[in-house]
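Participant: Numbering (our numbering), first residue to last: 195 to 461.
Glycine included, each C-beta is placed from N, C-alpha and C at the ideal position.
Sharing a structure here in structure tokens format.
Written as structure tokens, this is what we have:
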């Protein structure tokens, strides 16, 4: 498989760069760092919050490029030190919470405001990565402009998406267990494409790795979409190539190939 003139590599974390134990293998670390040293721009694009990325991403990878958090609601360029935040307006937050609680009064709702997590019930769930989320009422949530709204096992996802399609971006991930809601202009692809435009880089020169629904836009827009073996079938259908799984260093397999295509010896 030949990869030509790649200037940007976009890496999803869960199910992609991270293995199932939420760790980045030494092989993946080396492959990413080697590409960075060769002048290829690295962008990490995740649904996670900054605090969570710091917990799981090795330190040597945390300061080498652009960080896209909350699927694009919060951006931090580690090189230029520029920050961008695109929250949901408090008016829409209130409308969404009203809709959710009318459909399912006991719904578990979490909101992220930059790097702080608030929840409406003091229960444990794997979908909330904050060590000590702050418990507040639904009424208090309604007053906030938020980076992201999270709903766990909300059965009216399609109705929610239809009703608010012009106001927010709604996606369902994690085996359809997690509904993620961001501002209508927020997505991984918008974050990456806007960054590329500022740096005068074509989308055709971007390679993206992913495994889940929130990566689909990037796969549709970028020149080299690489699906993990463990990816959803919809991503595999859009992929330029399907690599090994996240358990088998699928990212490194392709990055090593890039260097090999460039005539380098990969050790």
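Beta-carbon within less than 8 Å of residue 380's beta-carbon, same chain only, minus the 5 sequence neighbours each way: which residues are those?
Facilitator: Residue numbering aside, residue 380 sits at position 186 when the chain shown is read from its first letter. Here the set comprises 264, 265, 266, 267, 280 and 363.
Participant: From what residue to what residue does the alpha helix (DSSP H) around residue 410 run?
Facilitator: As a first step, residue 410 is located in the chain shown; it is residue number 216 there, counting from the start. Segment 410-415, the alpha helix (DSSP H) holding residue 410.
Participant: Could you pull the DSSP bridge partners for residue 239 from this structure?
Facilitator: Here residue 239 refers to the residue found at position 45 when the chain shown is read from its first residue. Residue 239 is bridged by DSSP to 262.
Participant: List the residues that DSSP assigns as beta-bridge partners of residue 311.
Facilitator: For the purposes of this step, residue 311 is identified with residue 117 of the chain shown, where counting begins at 1. Residue pairing from DSSP places residue 311 in a beta bridge opposite 306.
Participant: Verify the CB distance criterion: does residue 373 have a CB-CB separation below 8 Å to chain B?
Facilitator: Note that chain B does not occur in the displayed structure, where there is just one protein chain.
Participant: Which first and last residues belong to the alpha helix (DSSP H) in which residue 384 is found?
Facilitator: The residue labelled residue 384 in the question sits at position 190 within the chain shown. Segment 382-392, the alpha helix (DSSP H) holding residue 384.
Participant: Determine, using beta-carbon pairs with one atom in the stretch 285-302 and one in the stretch 327-338, whether at least three such pairs fall under 8 Å.
Facilitator: Contact holds: three or more Cβ-Cβ distances are below 8 Å.
Participant: Mind checking residue 393: buried by the 16 CB within 10 Å criterion, or exposed?
Facilitator: Counting from 1 along the chain shown, the entry for residue 393 is found at position 199. Looking at its Cβ environment, which holds fewer than 16 other Cβ atoms inside 10 Å, residue 393 is exposed.
Participant: Could you pull out every residue in the same chain whose Cβ sits closer than 7 Å to the Cβ of residue 428, ignoring the five residues on either side in sequence?
Facilitator: As a position in the chain shown, residue 428 is number 234, starting the count at 1. Closer than 7 Å at the Cβ level, and outside the excluded window around residue 428, lie 410.
Participant: Tell me which residues share the same chain as residue 247 and place their Cβ nearer than 8 Å to its Cβ, disregarding the 5 neighbours each side in the sequence.
Facilitator: Walking along the chain shown from the start, residue 247 turns up at place 53. 207, 238, 240, 256, 261 and 263.
Participant: Which one or two residues does DSSP pair with residue 270 in a beta bridge?
Facilitator: Translated into positions along the chain shown, residue 270 becomes position 76. In the DSSP output, where bridge partners are listed per residue, residue 270 has 261 and 277.
Participant: Keeping to the same chain, check which residues put their C-beta closer than 7 Å to that of residue 307; ignore five residues upstream and five downstream.
Facilitator: The count along the chain shown starts at 1 and reaches residue 307 at position 113. 338, 340 and 341.
Participant: Quick check: what's the CA-CA separation for residue 374 versus residue 365?
Facilitator: Looking up residue 374 in the chain shown gives position 180. Looking up residue 365 in the chain shown gives position 171. Answer to the nearest angstrom: the Cα atoms are 5 Å apart.
Participant: For the ligand NAD, I want to know if residue 360 counts as a neighbour, meaning its beta carbon is within less than 7 Å of at least one of the ligand's heavy atoms.
Facilitator: Summarising the ligand content, the structure contains no ligands, and the ligand NAD is consequently not present.
Participant: Taking the Cβ atom as the reference point for each residue, do residue 406 and residue 426 lie within a distance shorter than 8 Å?
Facilitator: Working through the chain shown from its first residue, we reach residue 406 at position 212. Working through the chain shown from its first residue, we reach residue 426 at position 232. A contact, by the Cβ cut-off of 8 Å.
Participant: Go through its chain and collect everything with a Cβ distance to residue 385's Cβ below 6 Å, but skip five positions before and after it.
Facilitator: Here residue 385 refers to the residue found at position 191 of the chain shown. Result list for residue 385: 262, 266 and 269, in chain order.
Participant: In whole angstroms, what separates the C-alpha of residue 272 from that of residue 398?
Facilitator: For the purposes of this step, residue 272 is taken as the residue at position 78 of the chain shown. For the purposes of this step, residue 398 is taken as the residue at position 204 of the chain shown. Going by C-alpha positions, residue 272 is about 23 Å away from residue 398.
Participant: Starting from residue 362, trace the beta strand (DSSP E) both ways and give me its first and last residue.
Facilitator: Taking the chain shown and counting its residues from 1, the one referred to as residue 362 is at position 168. Residues 362-367.
Participant: With distances taken from CA atoms, which of 432, 412 and 312 is nearest residue 243?
Facilitator: In the chain shown, residue 243 corresponds to position 49, counting from 1. When each option's Cα is compared against that of residue 243, the closest is 312.
Participant: Is it right to say residue 233 is buried, meaning 16 or more other beta carbons lie within 10 angstroms of its own, or is it exposed?
Facilitator: As a first step, residue 233 is located in the chain shown; it is residue number 39 there, counting from the start. So residue 233 counts as exposed.
Participant: According to DSSP, is residue 434 part of a helix, a strand, or is it coil?
Facilitator: Here the question's residue 434 lines up with position 240 in the chain shown. The DSSP-derived three-state label of residue 434 is coil.
Participant: Mark residue 382 as exposed unless 16 or more other C-beta atoms lie within 10 angstroms of its C-beta, in which case mark it buried.
Facilitator: As a first step, residue 382 must be located in the chain shown, where it is residue number 188. Residue 382 comes out buried.
Participant: Enumerate in chain order the residues of its own chain whose CB-to-CB distance from residue 314 is below 6 Å, with the five nearest sequence positions on each side excluded.
Facilitator: In the chain shown, residue 314 corresponds to position 120, counting from 1. Taking C-beta separations shorter than 6 Å and ignoring five residues to either side along the sequence, the partners of residue 314 in its chain run 303 and 332, following chain order.
Participant: Using three-state DSSP, classify residue 204 as helix, strand or coil.
Facilitator: Mapped onto the chain shown, residue 204 falls at position 10. Reduced to three states, the DSSP call for residue 204 is strand.
Participant: Return the residue from the list 222, 236, 250 and 230 that minimises the CA-CA distance to residue 216.
Facilitator: Residue 216 sits at position 22 when you count from the first residue of the chain shown. Here the closest residue by C-alpha is 250.
Participant: Quick one: what's residue 374 bridged to in DSSP?
Facilitator: Locating residue 374 in the chain shown gives position 180, counting from the first residue. For residue 374, which the question treats as bridged, DSSP gives the partners 344 and 365.
Participant: Going by DSSP, what residues sit across from residue 421 in a beta bridge?
Facilitator: Mapped onto the chain shown, residue 421 falls at position 227. Answer is 404 and 436.
Participant: Let me confirm a value: residue 346 is counted as buried when at least 16 other C-beta atoms fall within 10 Å, else exposed. Which label applies?
Facilitator: The sequence position of residue 346 within the chain shown is 152, counting from 1. Classification of residue 346: buried, given that the 10 Å Cβ count is 16 or more.
Participant: Go ahead and label residue 299 buried or exposed: buried means 16 or more other beta carbons lie within 10 angstroms of its beta carbon, across all protein chains shown.
Facilitator: For this step, residue 299 is matched to residue 105 along the chain shown. The residue in question, residue 299, is exposed, as its Cβ has fewer than 16 Cβ neighbours within 10 Å.
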